[in-house]
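S.K.: Going down the list, the sequences are from chains A and B.
Mapping to my numbering: the first sequence position 267 is 267, numbers consecutive.
Mapping to my numbering: the second sequence position 109 is 109, numbers consecutive.
For reference, the structure I am asking about is given below.
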Amino acid sequence: MALFDVSGFNSDLRARILPSTQVPVLDRANNYNFGSKFQEFAVPPGVDPSGFLESCSSDGGVRIEMDHGTTTLAFKFRHGVIVAVDSRASSGRYISSTYYDKVIEINPYLLGTMSGSAADCMYWERLLAKECRLYRLRNNQRISVAAASKLLCNMMLGYRGMGLSVGSMICGWDKEGPGLYYVDENGTRLSGRMFSTGSGNSYAYGVMDSGYREDLTVEEAYDLGCRAIAHATHRDAYSGGVVNMYHMQKDGWIKVCKQDVSELLHRYRKEKLRV
Amino acid sequence: MAARYDRAITVFSPDGHLFQVEYAQEAVKKGSTAVGIRGKDIVVLGVEKKSVAKLQEERTVRKICALDEHVCMAFAGLTADARIVINRARVECQSHRLTVEDPVTVEYITRYIATLKQRYTQSNGRRPFGISALIVGFDYDGTPRLYQTDPSGTYHAWKANAIGRSAKTVREFLEKNYTEDAIAGDNDAIKLAIKALLEVVQSGGKNIELAVIRRNQPLKILESKEIETLVAEIEKEKEEEAEKKKQKKST
Chain A
1 MALFDVSGFN SDLRARILPS TQVPVLDRAN NYNFGSKFQE FAVPPGVDPS GFLESCSSDG
61 GVRIEMDHGT TTLAFKFRHG VIVAVDSRAS SGRYISSTYY DKVIEINPYL LGTMSGSAAD
121 CMYWERLLAK ECRLYRLRNN QRISVAAASK LLCNMMLGYR GMGLSVGSMI CGWDKEGPGL
181 YYVDENGTRL SGRMFSTGSG NSYAYGVMDS GYREDLTVEE AYDLGCRAIA HATHRDAYSG
241 GVVNMYHMQK DGWIKVCKQD VSELLHRYRK EKLRV
Chain B
1 MAARYDRAIT VFSPDGHLFQ VEYAQEAVKK GSTAVGIRGK DIVVLGVEKK SVAKLQEERT
61 VRKICALDEH VCMAFAGLTA DARIVINRAR VECQSHRLTV EDPVTVEYIT RYIATLKQRY
121 TQSNGRRPFG ISALIVGFDY DGTPRLYQTD PSGTYHAWKA NAIGRSAKTV REFLEKNYTE
181 DAIAGDNDAI KLAIKALLEV VQSGGKNIEL AVIRRNQPLK ILESKEIETL VAEIEKEKEE
241 EAEKKKQKKS T
């Protein structure tokens, strides 16, 4: 810079203040750069996050539990997308919250679910919501589900290997119709009809797969979602609380219900006895 | 007055001018003319081809460039600056496709180019890009678009516009002759572009280069034979008009 040259500033210090790896603002390609090289969330030099995490997962030492302790699910059917999540937040074997909101309402046409580390999901999905709002302002049209999930995926890729723990489903309705994407901390991004994430996902998949048909009625779909989460919370220690369910329709999402899982499980048992 | 305020780009003059940016606009006025027309199902770009030296290969001078399959641009001004801008725009088009999984809208890429130009008018050690660009194309919903950018980084949408040498003459011609009838068909829009360029180009069809994009089709650069045919048609129409006027006068 001209001022550096004119004032005869020390060039060593200058190299540390303006590191050569930093792309100057003038030449930065576009609005969609995320990652440790672009000061979105700069990693201090000399720190090795993956090394630190390895030391934390050794047996006998301090263990930081990074498992995705939760159950969330989403599936597409004829009348839109159903999103259902549990509400238990755990720190190791301690239940920190029974009513934790695991769905972030990005805009009336876009939802994101959270599983994994609560802090990571909360932060990155709120950042995603910020980017979606900026997109809407810059381009005068709502962001597509594919683009929103791509943005989150690129954020994850910028910090790959540094110990983020995010298992998220981005659901929405755009001009291509209903959209459902699964994004995780490795940068995996999959589009599909049905996903379930978290430690209780295998139980939820079992119930969903046995009851799913593409031509479910709306009531049947609500029932399937509730059942899958309730049964998963019954068997999985890290899931519980209430079922929060959303239905993504053509003109936006609606919040369907918030039902306590123990009440649901009692109801299901009574139905079985009656039959 | 100007002498003291025009050396550095980041200095305003007392009456609010950025002289370097205005000088860049002068550089644009020295470039060869380019005209853009937005039709109903077609967008047309025409440029005045500068006559090449005897030993020079004609094909290496290209003033109309595709930015993506559905967007192209023509420029007036410093060719070298244009090359940089076009390169960055092409990368941005693909980057957009990669991140957002959708092709760019014409407005988006125009905004990107305009933002790029503006950054270079507000930083030390760099001068503005000495080009104005006409950017045409179709959005994914099928709407045709024409935008113009200038060295200061502003951009506007136009129905028809011209940049470069004699741009004023061409624009006046377009203001008189651009009507809904005049662009009713694809061929009519192309003929209007040629007519506009013939106003200012010496020696007729040989010095005109024309490119069109039709909806859902890639950029097509017209061959000189096709241009010659269209120029001949235009000449014939002009003669017929003149004949009719003469007859009206005599009867």
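Backbone N, C-alpha and C define an ideal beta-carbon position, used for all residues, glycine too.
With a threshold of 8 angstroms between beta-carbons, can aspartate 102(B) be considered close to chain A, or not?
M.R.: yes
S.K.: Where does tyrosine 147(B) land, buried or exposed, given buried means 16+ other C-beta within 10 angstroms?
M.R.: By the neighbour-count definition (other C-beta atoms within 10 Å, threshold 16), tyrosine 147(B) is a buried residue.
S.K.: What does leucine 146(B) pair with, by DSSP beta-bridge criteria?
M.R.: Val136(B)
S.K.: Using a C-beta to C-beta distance shorter than 7 angstroms, which residues of chain B count as neighbours of asparagine 139(A)?
M.R.: Tyr108
S.K.: Could you round the C-beta distance between leucine 128(A) and leucine 152(A) to whole angstroms and report it? I think they count as a contact, below 8 angstroms.
M.R.: 5 angstroms
S.K.: Given a cut-off of 8 angstroms, decide if methionine 208(A) and alanine 228(A) are closer than it, judged by their beta-carbon atoms.
M.R.: yes
S.K.: Indicate whether at least one CB of chain B lies closer than 8 angstroms to the CB of serine 290(A).
M.R.: The requested residue 290(A) does not occur in the structure, where chain A is confined to residues 1 to 275.
S.K.: By the three-class DSSP mapping on this structure, what secondary structure does threonine 154(B) have?
M.R.: coil
S.K.: Thinking C-alpha only, which one of Gln259(A), Ile104(A), Ile95(A) is nearest cysteine 171(A)?
M.R.: Selected option, being the one with the closest Cα: Ile104(A).
S.K.: Give the DSSP-derived three-state secondary structure of threonine 79(B) in the structure shown.
M.R.: Look at threonine 79(B) here: in three-state DSSP terms it is helix.
S.K.: If we count Cβ pairs, one from each stretch, closer than 8 angstroms, do we get three or more for the stretch 157-165 of chain B versus the stretch 56-66 of chain B?
M.R.: no
S.K.: Can you grab the Cα-Cα spacing for the pair threonine 217(A) / proline 178(A), in whole Å?
M.R.: 16 angstroms
S.K.: Report whether the distance from the Cβ of glycine 163(A) to the nearest heavy atom of the ligand SAM is below 7 angstroms.
M.R.: Here there are no bound small molecules, and the ligand SAM is not part of this structure.
S.K.: Can you check whether the C-beta of serine 168(A) is within less than 8 angstroms of a C-beta belonging to chain B?
M.R.: no
S.K.: Do you know offhand how far tryptophan 158(B)'s Cα is from alanine 184(B)'s?
M.R.: Looking at the two C-alpha atoms, the distance is approximately 17 angstroms.
S.K.: Can you list the residues of chain B that serine 144(A) reaches, using a CB-CB cut of under 9 angstroms?
M.R.: Val100, Glu101, Asp102
S.K.: For serine 168(A) and proline 44(A), what's the separation of their Cα atoms in angstroms?
M.R.: Their Cα atoms are separated by approximately 27 angstroms.
S.K.: Helix, strand or coil: which one does DSSP assign to glycine 39(B)?
M.R.: coil
S.K.: Am I right that tyrosine 238(A) and serine 90(A) are in contact with their C-beta atoms under 8 angstroms? What's the rounded C-beta distance?
M.R.: Contact annotation, tyrosine 238(A) with serine 90(A): C-beta distance approximately 5 angstroms; criterion of less than 8 angstroms satisfied.
S.K.: Cα separation between cysteine 72(B) and alanine 147(A)?
M.R.: 24 angstroms
S.K.: What do you get for valine 52(B), buried or exposed, if any count of 16 or more other CB atoms within 10 angstroms of its CB means buried?
M.R.: exposed
S.K.: Cα separation between aspartate 68(B) and tyrosine 112(B)?
M.R.: 14 angstroms
S.K.: So, helix, strand or coil for histidine 266(A), using DSSP?
M.R.: helix
S.K.: Using CA atoms only, rank isn't needed, just tell me which of Ile208(B), Ala242(B), Ile234(B) is closest to alanine 74(B).
M.R.: The shortest C-alpha to C-alpha distance from alanine 74(B) to any of Ile208(B), Ala242(B), Ile234(B) is the one to Ile208(B).
S.K.: Between the beta-carbon of leucine 45(B) and the beta-carbon of valine 136(B), is there less than 8 angstroms?
M.R.: yes
S.K.: Helix, strand or coil, according to DSSP, for glutamine 217(B) in the structure here?
M.R.: coil
S.K.: Counting C-beta neighbours from all protein chains within 10 Å, is the total for alanine 193(B) 16 or more, i.e. buried, or is it exposed?
M.R.: buried
S.K.: Enumerate in chain order the residues of its own chain whose CB-to-CB distance from valine 201(B) is below 8 angstroms, with the five nearest sequence positions on each side excluded.
M.R.: Once the five neighbours on either side are set aside, the close Cβ partners of valine 201(B) are Thr33, Glu48, Asn207, Ile208.
S.K.: Mind the definition here: the stretch 118-136 of chain B touches the stretch 12-27 of chain B only if three or more C-beta pairs lie below 8 angstroms; say whether that holds.
M.R.: Proximity of the stretch 118-136 of chain B to the stretch 12-27 of chain B meets the contact definition, three or more beta-carbon pairs being nearer than 8 angstroms.
S.K.: Spell out the partners DSSP gives glutamine 249(A) in its beta bridges.
M.R.: Gly252(A)
S.K.: Mind checking who asparagine 161(B) pairs with in its DSSP beta bridge?
M.R.: Gly36(B)
S.K.: Looking only at its chain, what residues have a beta carbon closer than 6 angstroms to the beta carbon of aspartate 215(A), apart from the 5 residues adjacent to it on each side?
M.R.: Arg78
S.K.: Going residue by residue through the stretch 174-221 of chain B, where are the continuous beta strand (DSSP E) segments of at least 3 residues, counting only ones entirely within it?
M.R.: 208-214
S.K.: When we look at the beta-carbon of proline 108(A) and count the other beta-carbons within 10 Å, is it buried (16 or more) or exposed?
M.R.: exposed
S.K.: For the beta strand (DSSP E) that valine 43(A) lies in, which residues bound it at each end?
M.R.: Element bounds for valine 43(A): n/a, residue is neither H nor E.
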